[in-house]
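Participant: For the sequence shown, position 258 matches number 1453 in this note's numbering, and the numbering has no gaps at all.
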Amino acid sequence: MMKKKRLSASKASLVLFLCQMISALDVPLDSKLLEELSQPPTITQQSPKDYIVDPRENIVIQCEAKGKPPPSFSWTRNGTHFDIDKDAQVTMKPNSGTLVINIMNGGKAEAYEGIYQCTARNERGAAISNNIVIRPSRSPLWTKEKLEPHQVREGDSLVLHCRPPVGLPPPIIFWMDNAFQRLPQSERVSQGLNGDLYFSNVQPEDTREDYICYARFNHTQTIQQKQPISVKVFSMDSLNDTIAANLSDTDIYGAKPVTEKQPILLTPTGSTSTKVELRGSVLLLECIAAGLPTPGIHWIKEGGELPANRTFFENFKKTLKIIDVSEADSGNYKCIARNILGSAYHVISVTVKAAPYWITAPRNLVLSPGEDGTLICRANGNPKPNISWLANGVPIAIAPEDPSRKVDGDTIIFSHVQERSSAVYQCNASNEYGYLLANAFVNVLAEPPRILTPVNKLYQVIADSPALLDCAYFGSPKPEIEWFKGVKGSILRGNEYVFHDNGTLEIPVAQKDSTGTYTCVARNELGKIQNEVQLEVKDPTMIIKQPEYKVIQRYGQVSFECIIKHDSTLLATVTWLKDNDELPDDERFLVGKDNLTIMNVTDKDDGTYTCIVNTTLDSVSASAVLTVVAAPPTPAIIYARPNPPFDLELTGQLERSVELSWIPGDENNSPITSFVIEYEDGLHEPGVWHYQTEVPGTQTTVQLKLSPYVNYSFRVIAVNEIGRSQPSEPSEQYLTKSANPDENPSNVQGIGSEPDNLVITWEPLKGFQSNGPGLQYKVSWRQKDVDDEWTSVIVANVSKYIVSGTPTFVPYEIKVQALNDLGYAPEPSEVIGHSGEDLPMVAPGNVQVHVINSTLAKVHWDPVPLKTVRGHLQGYKVYYWKVQSLSRRSRRHVEKKILTFRGNKTFGMLPGLEPYSSYKLNVRVVNGKGEGPASPDKVFKTPEGVPSSPSFLKITNPTLDSLTLEWGSPTHPNGVLTSYVLKFQPINNTHELGPLVEIRIPANESSLILKNLNYSTRYKFYFNAQTSVGSGSQITEEAVTIMDEAGILRPAVGAGKGYSETLFATSPVMHTVRPTFYKVQPLYPRIRNVTTAAAETYANISWEYEGPDHANFYVEYGVAGSKEDWKKEIVNGSRSFFVLKGLTPGTAYKVRVGAEGLSGFRSSEDVFETGPAMASRQVDIATQGWFIGLMCAVALLILILLIVCFIRRNKGGKYPVKEKEDAHADPEIQPMKEDDGTFGEYRVLPE
């Protein structure tokens, strides 16, 4: 932290001061430290500014705040103090400022309308909430009115007015009939934004008596309806019949046919109108026209284009919708209604205003006594907002004076602050369209030094690599840090050490003699503190004999060696890969201690084999290639490729075709399957043969299509299963006549190579495609959507033309036409190209990060305006990197990672994060030219995860009845350790296990003496660490208590998961007290607690695993009760969950989980059932043809049975008619309605 410069007395001092880099005190995110430091209040949660409440439910006005000491809360209502103790209906939640107004117990919501504001206060200051306007929602009844029937002539326009009651919030309008079916809408009939129903022209089918307007009030979940409106349309045919019935034959009668009408606008009226919209909202402009035929609507913006990607057309293009409007969207928008008789238009002048929005919101300041700082509050809007400051909720002009504070417009300058300068400041930016309110505190702290790094923390590194020793600290003023080696060593200085600002000591190249104790000392004017850490430097891991290149015959045996050397205190694991992937699950692959052996080698074993050696600190690898060759072939019948055809002859020569015939050669014991015909163009490409066609092997003549101006020669190649023959001798030459080009160049493109040019390229015609001499190209271009004439130039037989002096990245229409000495090719089609791109101008804004879990986060950003991309939008790149681990406070080499999201995406997932760590990221837009500027770095943190296994477990000092256990903390704690868990049990020589004992040990312990054990007994220990999230991987060890004090032989016990057998001296003493043993299998890993969560077509399977790290799981499943083989799915990585997809709805499945490479190592079976399939549409089966036919067949069968019964009864025999009737009884049929006419939870109120 830098000391900030104080204000001077010169006139320029204020400007110079604001230009300086001012850094406030950095408070580490240590939970224990944060609990001890005083902090002014901060509002963490509040209700929205405009809060519409349900008048039937209790009103909850939220106000939550944090601070140290915890703040107290008070409220104002309509600008005066609100005494909640005097109102029995109002209560405040404990330890909170949230108000609960009891409406359901007799209170009236209307009585509590008003403007509320919350104040959170402690000894360090007061923070205030926004003004919260409370209004109960309203859904008034429809006004009584008498509706006259509408009688309209066919072809006329009509407007049915809805005029819904004014509610809060406004209702949603829709039109339906008496059967609760929505009225169909089209270009001719549609609903306007005001809820009225517009008919551009009425038709006879519009006649009905149940046009009903409904108003849905979402807040109160009610629907109200207007009285039905009747419409009767008089068609010309019915009108003529009426006139004819009332006139004599001699009278002239007959109504005119339906007259077509040119468009007129029903809404808006007149030729111009105005509209004001706010920045960031949705602009809706509407034009509905009358006319016959029905007019179409077209929208333009005068003097500009409609914004791309933000413009949408709704209601059959009658509504123009522009989302996220800005000041640039102001202007005149013209709607044009047009049919075959003419057009009408209306111009809407749009003005975009803006409520205040932040440019720089004030941020909290944490300062030491005597330091300087600033609070900056900058906002913009239209009109420009007014900035005002408050201190602890009081206007700063009447607040208590502070000599360290000076207000300069939108900035407050603090100089030489003291502890009494702590306060909460509010910045209010307001104009006629709204306001912004932000709280920012100034917290002045005087704290002695504290070291946050754990005492005696152990660091392990490999020799010749960097070592970073943490000394995370805090103090105010900022402490000075010094390092010493050893308890009484001298201070460390010199180029062999690097001292970081965060207190970390870096040894760039650690050697074996760097091992030892290091002491960190932090001191400021208020005190001094020190802490010791330990450094161990380990030998590097090496492969002293690497695998070598091998060539092996098929079905042989091969072995690769991988002999390693590593530090004796580290556990090394060897992994083999094939082609950078896991070894095949095949018993032919045998992995030994120092080698890999492959039995019975096959062709698919060919590839690269890699030996990877891993310890907890380093990793090395070596690779070798295996080549599999075939065994010597067995003598067999010789099959060969056919001999070439011969005696080629051309007949029937025409301008565009010729007939070719030939005689096949010998097929050499393999039938000829086809003939390939090739041609040579001796005029344009002599010596180059091209494919012409292919015919079946039974055919020896073919009719060939030819091109003009080509000197043809042909040859034929025979093909059988063995291969292709040598080509035949060429045929005689045949020159075709010249003609105009038949085609134009293909693959025409326009792509700029520089921001001010357009490079037009094409694939030139081949020689035979020219159809004649003098091949050239006519290149034409013009700017798209601009009234420009075509610019053309004729170029030689090339493939590129460059147009210079173009604007940056604008679309062009391009066409390239071929021509020769005989004339032009057909008119070419146009393609769209773009002039050159330039780098994007702006960075994405509003970057937000949502942390999903300890290893996954989701990042959102606002897309940049397309006009600033200045090129083809290819996507967005997210750069992110780990800043530090929150559990270690260590900084390491920053390795930035990049994720690219194609297209106009505005979010993405960041996988593979490390738990309990601090990250930074920024976002950049990418076009074809490159990347734009980066957004400001965004900081986010991942939550805790489960820890890794303890770094070691040593068992020493065995006695008759005790053992001493020592351990190291996990290499990756992934959070704050809460405890260790030790489990142990006795084992006899036949792998029988005794009772399991569990002990929970505090996290700050590193050793334990177990007493009261049985003498001469082997014990197995299981040891793991825990964080608040859960338990980490366990480490196991075994040890034996001694038989007696005289004959002790110390067991060789090492760190890790295995153990070494050790002989012990025997004793003649007989011991009769032995633990109770239970006969079990030798202890293996296990999978338990398999659980399933099933949906319609998929299920999420999860399980718990106990055993060695790096297990590779698989999931087996099948239909429950079926004898079919289990289906198997491999789990990617060592995850403990998997999603089964493609399941059948409504089916019971069985499932189990296993681990690769361990025979019989599986979980118990679990059974689950998928959800029933959801029908896409309910169908009334009583109206279905198959159902009616089935019922007829059942009735016919019953009739036949009755007749047979009757005949048998007459014959005197017995027949069980009742049983037969029961067996063929009608099924119970409950047809389902297609639509029951209800509206979910809404109620329809009577008028």
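Every residue gets a Cβ at the ideal spot worked out from N, C-alpha and C, and that includes glycine.
Small disclaimer: the values here were computed from a predicted structure and weren't measured.
Would you check if the distance between the CB atom of Q1241 and the CB atom of C1258 is smaller than 8 Å?
Facilitator: A contact, by the Cβ cut-off of 8 Å.
Participant: Enumerate in chain order the residues of its own chain whose CB-to-CB distance from Q1613 is below 6 Å, with the five nearest sequence positions on each side excluded.
Facilitator: Answer for Q1613: P1564, listed in chain order.
Participant: Curious, which full-length beta strand (DSSP E) runs of at least 3 residues does the stretch 2122-2199 contain?
Facilitator: Complete beta strand (DSSP E) runs here, min 3: 2133-2136, 2145-2151, 2158-2165, 2172-2182, 2192-2197.
Participant: Expressed to the nearest angstrom, what Euclidean distance is found between the alpha-carbon atoms of L2394 and E2360?
Facilitator: Answer to the nearest angstrom: the Cα atoms are 52 Å apart.
Participant: Under the three-state reduction of DSSP, which class applies to H1541: helix, strand or coil?
Facilitator: If DSSP states are grouped into helix, strand and coil, H1541 belongs with the strands.
Participant: Report back the beta-carbon spacing between A2350 and F2308 to the nearest angstrom; my notes put them in contact at under 8 Å.
Facilitator: 6 Å between Cβ atoms; contact.
Participant: Are the CB atoms of I1867 and N1915 nearer to each other than 8 Å?
Facilitator: Contact: yes.
Participant: Please report how far the alpha carbon of D1801 lies from the alpha carbon of L1821, in whole angstroms.
Facilitator: Straight-line Cα distance between these residues: approximately 5 Å.
Participant: Could you round the C-beta distance between V2224 and E2139 to whole angstroms and report it? I think they count as a contact, below 8 Å.
Facilitator: Confirmed, about 5 Å.
Participant: Less than 8 Å between the beta carbons of W1494 and Y1528, yes or no?
Facilitator: Their beta carbons are under 8 Å apart, which means W1494 touches Y1528 by this criterion.
Participant: DSSP three-state call for L1460: helix, strand or coil?
Facilitator: L1460: strand per DSSP, three-state reduction.
Participant: In three-state DSSP terms, what is Q1380?
Facilitator: Correct three-state label for Q1380: coil.
Participant: Look up W2298 in the DSSP assignment and say whether it is helix, strand or coil.
Facilitator: Three-state result, W2298: strand.
Participant: To the nearest angstrom, report how far apart P1735 and H1761 are at their CA atoms.
Facilitator: Rounded to the nearest angstrom, the two C-alpha atoms are 6 Å apart.
Participant: Enumerate in chain order the residues of its own chain whose CB-to-CB distance from T2342 is below 6 Å, with the five nearest sequence positions on each side excluded.
Facilitator: Hits under 6 Å: T2365.
Participant: What are the partner residues of R2281, as DSSP defines its beta bridges?
Facilitator: In DSSP, R2281 forms a bridge with E2301.
Participant: Hey, would you say T2159 sits closer than 8 Å to I2204, going by beta carbons?
Facilitator: Cβ distance < 8 Å, so T2159 and I2204 count as in contact.
Participant: Between the Cα of A1142 and the Cα atoms of I2282, R2281, S2297, which residue gives the shortest distance?
Facilitator: Because the chain spans 1196 through 2442 in this model, residue 1142 falls outside it and cannot be assessed.
Participant: Less than 8 Å between the beta carbons of P1891 and N2015, yes or no?
Facilitator: The answer is no: Cβ separation not under 8 Å.
Participant: On a CA-only basis, which of T2050, G1274, I1296 is nearest D1280? Give me that one, please.
Facilitator: Ranking T2050, G1274, I1296 by Cα distance to D1280 puts I1296 first.
Participant: Using 8 Å for Cβ pairs, my map puts Y1393 next to L1342. What's the rounded Cβ distance?
Facilitator: Not a contact, Cβ separation roughly 17 Å.
Participant: Do S1381 and P1490 count as a contact pair if the criterion is CB distance below 8 Å?
Facilitator: No, the pair does not count as a contact, with Cβ atoms beyond the cut-off.
Participant: Could you check how far apart the C-beta atoms of R1910 and S1926 are, in whole angstroms? I think they sit under 8 Å.
Facilitator: With 8 Å as the limit, R1910 and S1926 qualify as a contact, their Cβ atoms being about 7 Å apart.
Participant: Rounded to whole angstroms, what's the CA-CA distance from L1640 to C1806? Just pull it up for me.
Facilitator: Roughly 56 Å separates the two Cα atoms.
Participant: State the Cα-Cα distance for the pair G1537 and Q1457, rounded to the nearest angstrom.
Facilitator: Near 5 Å, if we compare the C-alpha coordinates of Q1457 and G1537.
Participant: Touching or not, the stretch 1321-1330 and the stretch 1405-1412, by the rule of three or more beta carbon pairs under 8 Å?
Facilitator: No, because fewer than three Cβ pairs between the stretch 1321-1330 and the stretch 1405-1412 fall closer than 8 Å, the two stretches do not touch.
Participant: Are there 16 or more other CB atoms within 10 angstroms of the CB of R1411, so buried, or fewer, so exposed?
Facilitator: Buried is the call here.
Participant: Got a sec? Which residues, its chain only, sit under 8 Å from K2100 by beta carbon, not counting five neighbours each side?
Facilitator: These residues qualify, in order along the chain: G2070, Y2071.
Participant: Should the stretch 2128-2143 be regarded as contacting the stretch 2040-2060, the criterion being three or more beta carbon pairs within less than 8 Å?
Facilitator: Result yes; three or more Cβ-Cβ pairs closer than 8 Å.
Participant: In the DSSP assignment, find the unbroken beta strand (DSSP E) run with H2029 in it and report its ends.
Facilitator: It spans 2026-2029 - the beta strand (DSSP E) in which H2029 sits, taken as one unbroken run.
Participant: Can you tell me which residues form a DSSP beta bridge with T2101?
Facilitator: Per DSSP, none; premise fails for T2101.
Participant: Give me the Cα-Cα distance between L1812 and L2116, rounded to the nearest whole angstrom.
Facilitator: Each residue's Cα considered, the two are about 28 Å apart.
Participant: Give, in chain order, every unbroken run of the beta strand (DSSP E) that is at least 3 residues long and sits entirely within the stretch 1570-1621.
Facilitator: Listed in chain order, the complete beta strand (DSSP E) runs (minimum 3 residues) inside the stretch 1570-1621 are 1573-1577, 1581-1586, 1600-1603, 1606-1609.
Participant: Which class does G1140 belong to by DSSP, given the choice of helix, strand or coil?
Facilitator: This structure leaves residue 1140 out entirely; the chain is present only between 1196 and 2442.
Participant: Using DSSP with H/G/I as helix, E/B as strand and the rest coil, what is Q1284?
Facilitator: Here Q1284 sits in coil by DSSP.
Participant: Let's test the definition: count the other Cβ atoms within 10 Å of the Cβ of H2029 and tell me whether it reaches 16, buried, or not, exposed.
Facilitator: H2029 comes out buried.
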